[in-house]
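Since the structure comes first, as structure tokens, the remarks are kept for the end.
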Amino acid sequence: MSTAAVQRDARNRILLFLLMAAAAYFLSVAVWEVRISYLLGGILFAIALAISFIRGTDALYLVIFAMLFSPEIGGSGGPAASGEGGGGLVLRVEDVLLVATGMGWLLRTAYLGRHFGIPRTPVNSTIGYYIAASAICTLLGVIGGSVRLDRGFFNNLKYFEYFFLYFMILAHVRDKQDIKHMIIAMLIVFFLAMIYGYFMMAAGERVSAPFDEEPNTFGGYIVLLYCVALGILLSIRPSNMRVIIAALLVFAIPPFLFTLSRTSYMAMAGGILAFIFVSSKRWVILGVTLALLAIIMAGAMVLPKTIEERIAGTFKKGTQYHVQVAGIDLDPSASARVLSYKQAVDVWLKSPLFGHGVTGTHFIDGQYMRLLAETGVFGLSTFLILMLVLLREVWRVCKRTSNELWQGAALGFFCGIVAMMVHAIAANTFIIVRIAEPFWLLAGLVLLMPYLEALPDPAPPAEVPAYPSQVV
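Under the numbering used here, the first residue of the sequence shown carries the number 6, and numbering increases by one thereafter.
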């Protein structure tokens, strides 16, 4: 055995010992505290760290399956507790897996002495601008007394974790087949989530995601994955895969309807309109959509009574809250949202440029109004620029890639972005874990497509080249 091989073997043994020692310490602390959830979290962390160190892309599959089926590790749950609404924070399984994946990537990079670089895309810098804007506005809120330092820091950290997933995709994925396999894995998770939805329907409950009580969140997730699957269906040639995806789209309709989420219904309409405007098969989509609308309008029996009541209930006068828009009464839920938006505008006017910082104001169930109140014009502008740059780059991928599956995923994600921007009118879409994580994972996969198409087979180059759109 050569000297280099002996040295590498010794380093392997030392690293393995250190990892085992760290895992043992973490587990001993967890057992001492008698928290079985922490114990299981430690085991998952150790497994994901080892997998990520050996082969990082395999750890990402764990993250994909944990996105929708991950319980909390401690915490009280609910949107107010999870950082998705009220400013609290909770740890979930996918958080542990994601941190372990990142640490495994760093350890692997250090051990091999090779820089596994992150491809440069125009979206990378705009993410940085948005992170900086949010951090600056929150810091100013801390100085001004509207934000508690711990709450502002940890909620920003939680929101930036979604971008970390995006960068981990860019860092790990170097095999063209991995994009296909990860998209398929996401569709499998989508199918499993729909099965869960049917169980909730059978129990007579509003459909929501596993370990989550917000149907609006699940509705947004369904719309995003529905758009991706529809884009693939419209782009690939007739095959068994096309039949399977068509069946999946039909299968997903009842659980989506039974979320009873009016915000998600609006988002689905926005996504379908985007397909009509940008797809070469717009007449097919328009014809099917009009046919479905005609069936619905022809008879109330097409829609379950609960869905009809939910939609019609939007325009019924409430008792607790009562708001009229253009002379039309709104129900208590819609009225409360409108009043919250009015309060957000009043709060924003007190600090129009930088807002009051993340968690520096009341609960606002709407992404744009929340950004306006918390980060002012500065933060909202950087966010909108980020979305527009992402739309532009995804559209470029859609028009330039020669791979049918990739083209379909890019087309579907483009329309999914539009749908999520509609969803964000009345929900905190881009900071909700069940939506934001698959969203940014898809963003990473789509923006990697032109980079991987330019790579020679089979091995990637040592240096990370410029993103193709930068040199066109």
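Backbone N, C-alpha and C define an ideal beta-carbon position, used for all residues, glycine too.
DSSP state of residue i mapped onto helix, strand, coil
{"i": "R439", "result": "helix"}
{"i": "R405", "result": "helix"}
{"i": "R211", "result": "coil"}
{"i": "R60", "result": "coil"}
{"i": "R156", "result": "helix"}
{"i": "R287", "result": "helix"}
{"i": "R179", "result": "coil"}
{"i": "R97", "result": "strand"}
{"i": "L396", "result": "helix"}
{"i": "A86", "result": "Only weak support exists for where A86 lies, its pLDDT of 38 falling under 50; the coordinates are left without a value."}
{"i": "I241", "result": "coil"}
{"i": "H428", "result": "helix"}
{"i": "P76", "result": "coil"}
{"i": "S130", "result": "helix"}
{"i": "L457", "result": "helix"}
{"i": "T106", "result": "helix"}
{"i": "E369", "result": "First, the residue type needs correcting, since residue 369 is Ile and not Glu in the sequence shown. Coil, per DSSP."}
{"i": "G150", "result": "coil"}
{"i": "E389", "result": "Glu is not the amino acid found at residue 389; the sequence shown has Leu there. Correct three-state label for L389: helix."}
{"i": "S269", "result": "helix"}
{"i": "V363", "result": "coil"}
{"i": "N433", "result": "coil"}
{"i": "R342", "result": "helix"}
{"i": "D217", "result": "coil"}
{"i": "P124", "result": "coil"}
{"i": "P260", "result": "helix"}
{"i": "I139", "result": "Per the sequence shown, residue 139 should be read as Ser rather than Ile. Reduced to three states, the DSSP call for S139 is helix."}
{"i": "L358", "result": "coil"}
Length of the line joining the Cα atoms of residue i and residue j
{"i": "H177", "j": "Y66", "result": "12 Å"}
{"i": "R267", "j": "N221", "result": "8 Å"}
{"i": "G146", "j": "L457", "result": "42 Å"}
{"i": "G179", "j": "T406", "result": "According to the sequence shown, residue 179 is Arg rather than Gly. In a straight line, the C-alpha of R179 is about 17 Å away from that of T406."}
{"i": "M392", "j": "L112", "result": "32 Å"}
{"i": "F494", "j": "A105", "result": "With the chain represented from 6 up to 477, any question about residue 494 goes unanswered, as that position is not in the structure."}
{"i": "F256", "j": "Y134", "result": "40 Å"}
{"i": "G150", "j": "V68", "result": "37 Å"}
{"i": "S244", "j": "L253", "result": "14 Å"}
{"i": "M306", "j": "F263", "result": "Here the model assigns M306 a pLDDT of 48, short of 50, so the residue's position is not dependable, and the following value carries that caveat. Looking at the two C-alpha atoms, the distance is approximately 15 Å."}
{"i": "E210", "j": "D183", "result": "37 Å"}
{"i": "T390", "j": "A341", "result": "At residue 390 the sequence reads Ile, which differs from the Thr that was named. Taking the straight line from one Cα to the other gives about 29 Å."}
{"i": "F320", "j": "I52", "result": "Bear in mind that a pLDDT of 47 at F320, under 50, signals an unreliable position, so the model cannot answer this."}
{"i": "K347", "j": "V283", "result": "35 Å"}
{"i": "I498", "j": "A190", "result": "Nothing in the structure corresponds to residue 498, since the chain is present only between 6 and 477."}
{"i": "V343", "j": "R242", "result": "46 Å"}
{"i": "Y203", "j": "V228", "result": "17 Å"}
{"i": "Y226", "j": "M246", "result": "22 Å"}
{"i": "Y201", "j": "P215", "result": "7 Å"}
{"i": "S285", "j": "E409", "result": "14 Å"}
{"i": "T206", "j": "L295", "result": "A small correction: the amino acid at residue 206 is Met; Thr does not occupy that position in the sequence shown. Cα-Cα distance, rounded: 27 Å."}
{"i": "D155", "j": "S345", "result": "25 Å"}
Same chain, Cβ closer than 7 Å to residue i, five either side skipped, listed in chain order
{"i": "A378", "result": "A349, V352, W353, G360, H361, T366 and I369"}
{"i": "L395", "result": "V128, I422 and A448"}
{"i": "F169", "result": "L103 and G107"}
{"i": "Q412", "result": "S240, C403 and T406"}
{"i": "G381", "result": "C142, W353, S356, P357, L358, F359 and G360"}
{"i": "L175", "result": "I123, P124, G449 and L453"}
Contacts around residue i, its chain only, beta-carbon distance under 6 Å, and the 5 residues preceding and following it disregarded
{"i": "C3", "result": "Summary: the structure shown does not reach residue 3, with the chain confined to residues 6 through 477, and so no result is reported for it."}
{"i": "F195", "result": "L230"}
{"i": "D63", "result": "I56"}
{"i": "P259", "result": "none"}
{"i": "F50", "result": "V101 and A105"}
{"i": "V293", "result": "none"}
{"i": "Y171", "result": "W445, A448 and G449"}
{"i": "A198", "result": "L73"}
Cβ neighbours of residue i in the same chain (closer than 8 Å, five flanking residues each side left out)
{"i": "V152", "result": "T143, G146, H361, G362, V363, T364 and G365"}
{"i": "R287", "result": "F280 and I281"}
{"i": "L385", "result": "Y373, L376 and L377"}
{"i": "F158", "result": "T143"}
{"i": "A251", "result": "L238"}
{"i": "L291", "result": "I281"}
task = Flag this pair as touching only if the region 235-249 and the region 429-445 have three or more C-beta atom pairs under 8 Å; answer yes or no.
result = no
query = Do three or more CB pairs link the region 128-147 to the region 400-420 at distances below 8 Å?
reply = no
query = Should the region 447-460 be regarded as contacting the region 260-277, the criterion being three or more beta carbon pairs within less than 8 Å?
reply = Output reads no: the region 260-277 does not touch the region 447-460.
inquiry  = For the structure I just gave you, are there three or more beta carbon pairs, one from the region 68-76 and one from the region 438-448, closer than 8 Å?
reply    = The region 68-76 is in contact with the region 438-448.
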